[in-house]
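A short write-up of the structure that comes next.
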Amino acid sequence: MDTALSIQSLRKTYGATVAVDDLSLKVEPGEIFGLIGPNGAGKTTTVECLLGLRRPDAGSVQVLGMTPQDNPPDLAHRVGAQLQEAALPSRITVAEALDLFGSFYSETRAPDALLDRWGLADERTTPFEALSGGQQQRLFVILAFLHNPDLVVLDEISTGLDPEARRDTRDLIRELRAEGTTVVLVTHFMDEAQALCDRVALLHEGRCVALDAPAALIDRLDAPYRVRFAAPPAFDPAPLRDADGVTQVARRDGEVRVRGREDLLTSVVRHLAAQNAIPDDLHAERATLEDVFLTIANDLSSTQVQTEALHPEKEPS
Amino acid sequence: MKAFLTLTWTETKLFLREPMATFFTVAFPLLLLFAFGAIFGNGPGSAPGEVGYTTYALPGYVALTIGSLGLLGLPTALAVYRDQGILRRFRVTPLRPAAVLGAQAVVHLAMLIASTLLLTGAALWVFRVPLPERLLLTLGALLLAGLSFLAVGFLLGAVLPTVRAAQAVGNALFFPMLFLSGAAIPQFLFPEWLKTTSLALPLTHAARLLQAAWLQGQWNGSSSLVLVGMGVACAGVGAYVFRWT
């Protein structure tokens, strides 16, 4: 099977604003691929280009081997989408919406089962405008994969969902992948991306600044491991800095926080045992995608300051 | 085809759920029929050509429905669909853009025909208004005037960026025409200068085309040319400037 999604040197500007700049990535079939980054990073513009809603200024986009800007009729049958800033007619009922969207496709999943599973079975005759935000979002989720698409694009799917529906969404995404569906997940929830995605592309000001499996990105951090413990009485954390694998030690609110590389836990525990300092409470954690994001964003903003200082006449891009 | 039919049926139900659209398409013409009918009656000779007032005024009420569908109904419907992101959602389905616009055109035309039948039935029953002698010619006039104003509505829906703008411009165009085109008030009551001036209003031509066909069994060539020209121009420009988002 072809690559599910291939983006080559994509560039899109709105007037003087560069929304996406030289973005290239490939998504393999059956993958859950995350597009992550802060608001304004270019995630939604990228999604709009791959759905054919916008025409790239430069570069190319191929979805399931087709070019979305040509509006190939087959593509819409094989792609499902949940978009931001999209709506249904305010007075259409849930059942009518499913009938209508069902009529667009040659084959669909059983609508009743979907309504049951997504807790909308009692809302069949409710108009769209009378649904709560979460219910509207769940209806959009149903409409996105009603027709068993090969590729599903979900743009900020968790927004407006309560914790239970968010959990359901995660289960659904995993089920879709198990059925072989490729999922492009756009999100600014780093925990969601880390829990679900096989690989993520981190966008920052329209550029891809990191692209890999979440675990690999975390491993690449200087200090992917963390240990924090309640400081025992009269404990001096300073000597911990010299322990094996420790890169950073901080003390805050009566808690000692240590960051470091592999075997951090062993080395901290050894140190504590040698000092005969037994903390009441100790947690070992791995860094998260959030840390990757914060580290990269931090590095980038300091580089940018330097670049601007070196080239004051240059327009920031 | 299944998609188009389902969409058209859904849009029909949605149209009837909009109180404003239903009022101006169905209730308002009926209200004028009964109110002016009660005032002026339908006695022979109460209007030119030895016909009754209500008989004479009826094609005008149909023109009014045409004006409200083309100037208020369709532009607002398109603006709402664009503003709220409904067109955006449709864009990522296999539904063709032509189907979305086609369904709107069919629904608005069907509403025009339904409203005309209802209005004519009521006029026949209550005021004994005779049916047009040349039915097909009258139907032709109805369709030409209807399509021409739907093209205007399509253009307005294409160029006006928001729902608010669509409603403001639609009202600004509709209400002067309502009173001055002979739609609500027959032009035989107008002074000559106003009759002449009113030829600048497109709805005057819709009213005159319908009156000529309905009352005299004649085809008003000049008015039909104006309506064809306006329809073709608006549809062409509209198709060129229409945006989905």
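Sequence lines, in order, name chains A and B.
For what it's worth, this note's numbering labels the leading residue of the first sequence as 48, then goes sequentially.
For what it's worth, this note's numbering labels the leading residue of the second sequence as -10, then goes sequentially.
Quick reminder that beta carbons are idealized off the backbone N, C-alpha and C, glycines included.
Note that the structure is predicted; figures quoted are calculated from it, not measured.
Smallest Cα separation from residue i: which of the options?
| i | options | result |
| --- | --- | --- |
| Arg326(A) | Gly301(A), Leu223(A), Asp346(A), Ser349(A) | The residue asked about is misnamed: residue 326(A) is Pro in this sequence, not Arg. Nearest option by C-alpha distance: Gly301(A). |
| Gly59(B) | Leu101(B), Arg80(B), Pro150(B) | Leu101(B) |
| Val152(B) | Leu63(B), Phe29(B), Ala196(B), Ser213(B) | Leu63(B) |
| Trp208(B) | Pro18(B), Glu122(B), Ala173(B) | Glu122(B) |
| Leu183(B) | Trp(-2)(B), Leu125(B), Leu19(B), Ser170(B) | Ser170(B) |
| Ala224(B) | Arg78(B), Ala147(B), Ile28(B), Leu61(B) | Ala147(B) |
| Leu139(B) | Leu167(B), Leu90(B), Pro119(B) | Leu90(B) |
| Tyr70(B) | Gly206(B), Leu178(B), Met166(B), Phe4(B) | Phe4(B) |
| Ser137(B) | Val215(B), Thr14(B), Ala87(B) | Val215(B) |
| Cys96(A) | Thr114(A), Gly81(A), Val296(A) | Thr114(A) |
| Thr(-3)(B) | Leu147(A), Leu190(A), Thr294(A) | Leu147(A) |
| Ala196(B) | Gly56(B), Met(-10)(B), Leu61(B), Lys(-9)(B) | Gly56(B) |
| Val23(A) | Ser53(A), Lys90(A), Gly62(A), Val67(A) | Nothing in the structure corresponds to residue 23(A), since chain A is present only between 48 and 364. |
| Leu124(B) | Met(-10)(B), Gly206(B), His97(B), Gly41(B) | Gly206(B) |
| Leu223(A) | Asp238(A), Phe236(A), Ser205(A), Ile189(A) | Ile189(A) |
| Pro323(B) | Phe168(B), Ala87(B), Phe179(B) | Residue 323(B) is absent from the model: chain B starts at -10 and stops at 234. |
| Ala88(A) | Ala262(A), Gly112(A), Ser314(A), Ala257(A) | Ala257(A) |
| Gln183(A) | Val110(A), Val126(A), Glu78(A), Ala212(A) | Ala212(A) |
| Phe23(B) | Phe177(B), Ala112(B), Val95(B) | Ala112(B) |
| Leu232(A) | Ala225(A), Glu226(A), Leu243(A) | Leu243(A) |
| Asp117(A) | Leu130(A), Gly99(A), Gln131(A), Asp159(A) | Gly99(A) |
Here's the rule I'm using: 16 or more other beta-carbon atoms within 10 Å means buried, otherwise exposed. How should residue i be labelled?
| i | result |
| --- | --- |
| Arg267(A) | exposed |
| Gly218(B) | exposed |
| Trp114(B) | exposed |
| Gly220(B) | buried |
| Asp202(A) | buried |
| Thr82(B) | buried |
| Ser364(A) | Any reading at Ser364(A) needs caution, since the residue's pLDDT is 40, under 50, leaving its predicted position unreliable; the model's value is listed next. So Ser364(A) counts as exposed. |
| Tyr229(B) | exposed |
| Pro48(B) | buried |
| Tyr152(A) | buried |
| Pro271(A) | buried |
| Ala356(A) | Since pLDDT at Ala356(A) reaches only 47, below the 50 mark, its modelled position is unreliable, and the value read off the structure follows with that caveat. Result: exposed. |
| Gly253(A) | buried |
| Glu360(A) | Here the model assigns Glu360(A) a pLDDT of 44, short of 50, so the residue's position is not dependable, and the following value carries that caveat. Its Cβ having fewer than 16 others within 10 Å, Glu360(A) is exposed. |
| Pro18(B) | buried |
| Asn31(B) | buried |
| Met9(B) | exposed |
| His358(A) | Caution is warranted here: a pLDDT of 48 is assigned to His358(A), below 50, making its placement in the model unreliable, and no coordinate value can be reported. |
| Ser179(A) | exposed |
| Glu0(B) | buried |
| Pro37(B) | exposed |
| Ser213(B) | buried |
| Glu362(A) | Bear in mind that a pLDDT of 41 at Glu362(A), under 50, signals an unreliable position, so the number given afterwards is only what the model happens to contain. When all chains shown are included, Glu362(A) counts as exposed. |
| Ile265(A) | buried |
| Ala281(A) | exposed |
Which residues share a DSSP beta bridge with residue i?
| i | result |
| --- | --- |
| Cys255(A) | Leu250(A) |
| Gln109(A) | Ser53(A) |
| Asp202(A) | Val233(A) |
| Glu143(A) | Its beta-bridge partners do not exist; DSSP assigns none. |
| His318(A) | BP columns for His318(A) are empty, so no partner. |
| Thr60(A) | Val65(A) |
| Arg433(A) | Past the boundaries of the shown model lies residue 433(A); chain A is included only from 48 to 364, so the question cannot be answered. |
| His330(A) | Arg275(A) |
| Leu82(A) | Val233(A), Ala248(A) |
| Ala128(A) | Val200(A) |
| Ala36(B) | Val40(B) |
| Pro280(A) | None, per the DSSP bridge assignment. |
| Val293(A) | Gly307(A) |
| Val230(B) | Paired residues: none, contrary to the question. |
| Pro174(A) | Thr140(A) |
| Leu72(A) | Ile54(A) |
Would residue i count as contacting chain D if we go by Cβ distances under 7 Å?
| i | result |
| --- | --- |
| Glu154(A) | Considering every chain present, this structure includes no chain D. Its protein chains are A and B. |
query = Which residues, taken in chain order from the segment 55 to 82 of chain A, show a beta carbon closer than 7 Å to some beta carbon of chain B?
reply = So nothing in the stretch comes that close.
task = Identify each residue in the segment 166 to 181 of chain A for which the Cβ-Cβ distance to at least one residue of chain B is less than 9 Å, and report them in chain order.
result = Those residues of the segment 166 to 181 of chain A that come within reach of chain B (Cβ to Cβ, closer than 9 Å) are Pro174.
message = To be precise: take each residue of the segment 260 to 274 of chain A, compare its Cβ to all Cβ atoms of chain B, and keep it if any distance is under 8 Å. Which residues remain?
response = So the list is empty, because no residue satisfies the distance condition.
ask   = Taking a cut of 8 Å between CB atoms, which residues from the segment 128 to 141 of chain A lie near chain B?
value = The segment 128 to 141 of chain A vs chain B, Cβ under 8 Å: Ala128, Leu130, Glu132, Ala133, Ala134, Leu135, Pro136, Ser137, Arg138, Ile139.
ask   = Of the residues that make up the segment 146 to 178 of chain B, which ones have a beta carbon closer than 8 Å to any beta carbon in chain A?
value = Answer in chain order: no residues at all.
key: Near-chain A residues of the segment 77 to 91 of chain B (beta-carbon distance less than 7 Å), N- to C-terminal order   = Here the close residues are Arg77, Arg78, Arg80, Val81, Thr82, Pro83, Leu84.
inquiry  = Please identify, using Cβ separations under 8 Å, the residues of the segment 114 to 125 of chain A that lie next to chain B, in order along the chain.
reply    = Those residues of the segment 114 to 125 of chain A that come within reach of chain B (Cβ to Cβ, closer than 8 Å) are Pro120, Ala123, His124.
message = Quick check for students: name the residue ranges of the alpha helix (DSSP H) that lie wholly in the segment 61 to 110 of chain B, counting only runs of 4 or more.
response = Here the runs fully enclosed are 63 to 72, 75 to 80.
request  = Please list the residues of the segment 190 to 215 of chain A that have a C-beta atom closer than 7 Å to any C-beta atom in chain B, keeping them in chain order.
outcome  = Against chain B - using a Cβ distance shorter than 7 Å - the segment 190 to 215 of chain A contributes no residues.
query = What residues in the segment 99 to 131 of chain B have a beta carbon less than 7 Å from any beta carbon of chain A?
reply = Answer set for the segment 99 to 131 of chain B: empty.
task = Scan the segment 84 to 112 of chain A for residues whose Cβ lies nearer than 7 Å to a Cβ of chain B and list them as they occur along the chain.
result = Near chain B, meaning a CB-to-CB distance below 7 Å, the residues of the segment 84 to 112 of chain A are Leu98, Leu100.
ask   = Just by C-beta distance, which residues in the segment 52 to 76 of chain B are closer than 7 Å to chain A?
value = Listed by position along the chain: Gln73, Gly74, Ile75.
ask   = What are the uninterrupted segments assigned as alpha helix (DSSP H) that are 4 or more residues long and contained completely in the segment 107 to 180 of chain B, given in chain order?
value = Counting only runs of 4 or more residues that sit fully inside the segment 107 to 180 of chain B, the alpha helix (DSSP H) segments are 124 to 148, 152 to 169, in chain order.
request  = Using a Cβ-Cβ cut-off of less than 8 Å, give me the residues of the segment 215 to 231 of chain B that come near chain A, in sequence order.
outcome  = Against chain A - using a Cβ distance shorter than 8 Å - the segment 215 to 231 of chain B contributes no residues.
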